[in-house]
DNA sequence: AACTATTTTAAACACTTGTTTAAAACACAT
DNA sequence: ATGTGTTTTAAACAAGTGTTTAAAATAGTT
């Protein structure tokens with residue numbers, strides 16, 4: 001009999017939640033199995049080991065992370081508008097998956113990385129032609145000439161950090177979850193304005209804003 | 001007989017390294033004691049438990065983190081120059097303590113936070129008068145009027161993220177440790193220029209640059 | 001209904017965990 | 001040298017870890 005939600009996916013869903021919230025070292029196989037509502041042995045029946053299960057979860061997380069960043073760049077907008085849309089999408093995506101950036105950064109730093117090859121994901125980014133497109137725009141004088149690493153950092157920093165540091169910021173400014181979330185929308189606008197002004201200094205005032 | 005380095009401090013030093021690199025859940029008491037070159041029981045002889053030891057390490061880390069941010073603001077520079085100096089110091093400090101931001105953000109998210117009260121550290125920041133000084137500068141038209149949370153986020157994002165995401169960025173752009181480190185200096189200049197241009201739009205071109 | 005293959009479980013495995021205990025090593029005053 | 005208080009160790013504790021085993025429950029076929 002086919003079930004509406006297969007056991008295998010119940011495990012993956014539970015593992016995703018637990019791993020994201022506590023990291024690989026911060027949780028046990030039993031905790032995951034309990035979250036999925038079943039026996040421990042079943043987890044190892046479907047996935048050989050905790051490491052193997054983690055590997056799958058991490059790789060799909062990476063996939064989501066990278067994919068969300070690249071969808072914008074296939075459109076035929078101007079580079080400046082692509083940037084605006086990108087920031088908008090990134091804030092939206094990360095608001096739905098707030099643990100993702102810390103999870104990826106933390107687990108990339110782990111020595112025993114469950115033998116995960118990160119390179120393949122990064123190759124996808126390079127293969128998408130994003131970097132070439134930016135370099136081209138720089139050559140044509142449409143974009144400020146800073147190196148691509150710095151460009152990546154500017155965007156990633158201002159999109160990801162506000163999500164990552166939520167608890168820290170709430171502590172510093174003594175504000176509630178709701179207040180922080182609404183302030184994040186204002187901040188997104190500030191970030192967009194700052195980045196566009198900096199990266200497109202000439203035509204930033206005349207270009208049409210995002211709807 | 002007094003020793004040059006007391007056992008207690010040997011433990012703290014080892015614990016600092018191991019906790020920072022692997023987090024609370026990612027390491028064992030025995031790993032710490034081994035890194036300090038001694039028996040496990042000694043760790044619990046000086047510090048009652050793993051949690052207690054962690055609490056001390058975390059609190060001093062927080063102390064460092066907060067202190068490094070506040071030293072600039074006691075000087076009598078202009079607000080714009082303070083900002084430039086702040087960014088400079090923050091990059092320098094974080095380059096020496098690269099694991100600090102991820103460590104703090106991660107451990108602040110932990111449910112079992114070893115019963116650490118974070119509030120006292122944040123109170124120090126507010127008590128320093130930084131926020132008031134910025135609000136004043138905004139009233140006097142010396143600084144762009146954005147809310148203080150957004151201001152904090154802009155600065156923290158652009159200073160901390162480039163350090164936190166080192167491995168991720170190296171992967172994406174396929175560059176070595178050395179290349180990343182040197183690129184970080186260029187990036188610091190870009191960040192400074194972008195932030196100053198955005199926060200001090202009127203007088204940013206005429207004000208004297210940092211030596 | 002009886003057989004087969006798949007899915008799920010309880011129980012056990014060897015090992016690591018944080019913590020404690022009791023004895024040993026040490027420093028130092030008398 | 002003896003006694004005293006401190007520092008360090010080896011060994012043990014119960015509880016929790018990842019993983020495996022063998023039996024039970026279930027589904028599907030004849």
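Chains as they are written, first to last, in the numbering used here: chain R, 1 to 211; chain S, 1 to 211. Cβ coordinates follow ideal geometry from the N, Cα and C atoms, glycine included.
CA nearest to the CA of residue i, picked from the options
i: residue 197/R; options: 10/R, 81/R, 16/R; result: 81/R
i: residue 49/R; options: 11/R, 124/R, 22/R, 63/R; result: 11/R
i: residue 68/S; options: 173/S, 89/S, 127/S; result: 89/S
i: residue 181/R; options: 129/S, 13/S, 150/S; result: 150/S
i: residue 159/S; options: 133/S, 140/S, 22/S, 186/S; result: 186/S
i: residue 148/R; options: 104/R, 201/R, 40/R, 135/R; result: 135/R
i: residue 124/S; options: 66/S, 35/S, 141/S, 112/S; result: 66/S
i: residue 122/S; options: 18/R, 51/R, 184/R, 175/R; result: 175/R
i: residue 37/S; options: 6/S, 64/S, 120/S; result: 6/S
i: residue 92/S; options: 173/S, 188/S, 193/S, 202/S; result: 188/S
i: residue 126/R; options: 173/S, 165/S, 130/S, 166/S; result: 173/S
i: residue 130/R; options: 64/R, 59/R, 192/R, 76/R; result: 76/R
i: residue 103/S; options: 184/S, 164/S, 179/S; result: 164/S
i: residue 142/S; options: 39/S, 177/S, 83/S; result: 83/S
i: residue 97/R; options: 60/R, 39/R, 193/R, 40/R; result: 60/R
Beta-carbon proximity check, residue i vs residue j, cutoff 7 Å
i: residue 30/S; j: residue 57/S; result: no
i: residue 43/S; j: residue 33/S; result: yes
i: residue 144/R; j: residue 199/R; result: yes
i: residue 128/S; j: residue 62/S; result: no
i: residue 101/S; j: residue 153/R; result: no
i: residue 55/S; j: residue 116/S; result: yes
i: residue 132/R; j: residue 146/S; result: no
i: residue 9/S; j: residue 46/S; result: no
i: residue 108/R; j: residue 94/S; result: no
i: residue 20/R; j: residue 99/R; result: yes
i: residue 171/R; j: residue 118/S; result: yes
i: residue 230/R; j: residue 79/R; result: The structure shown does not extend to residue 230/R, since chain R is modelled only from 1 through 211, so no value can be given for it.
i: residue 25/R; j: residue 14/S; result: no
i: residue 87/R; j: residue 72/R; result: no
i: residue 114/R; j: residue 74/R; result: no
Which of helix, strand or coil DSSP assigns to residue i
i: residue 115/R; result: coil
i: residue 89/S; result: helix
i: residue 145/R; result: coil
i: residue 24/S; result: coil
i: residue 171/S; result: helix
i: residue 202/S; result: coil
i: residue 156/R; result: helix
i: residue 77/S; result: coil
i: residue 140/S; result: coil
i: residue 210/R; result: Note that residue 210/R has pLDDT 44, beneath the 50 cutoff, so the model's placement of it is unreliable and the number below is only indicative. Correct three-state label for residue 210/R: coil.
i: residue 135/S; result: helix
i: residue 38/R; result: coil
i: residue 182/R; result: helix
i: residue 192/R; result: helix
i: residue 231/R; result: Outside the shown range of chain R, which is 1 to 211, sits residue 231/R, and nothing can be said about it.
i: residue 292/S; result: The structure shown does not extend to residue 292/S, since chain S is modelled only from 1 to 211, so the question has no answer here.
i: residue 165/S; result: coil
i: residue 176/R; result: coil
i: residue 197/S; result: helix
i: residue 97/S; result: coil
Opening and closing residue of the alpha helix (DSSP H) in which residue i lies
i: residue 70/R; result: 50 to 70
i: residue 129/R; result: Run containing residue 129/R: none; DSSP gives neither H nor E here.
i: residue 47/S; result: Note, residue 47/S: premise wrong, no alpha helix (DSSP H); not H, not E.
i: residue 101/R; result: 100 to 109
i: residue 31/S; result: 29 to 35
Any non-hydrogen atom of the ligand SAH closer than 6 Å to residue i Cβ
i: residue 33/S; result: Of ligands this structure carries none, so the ligand SAH is not represented either.
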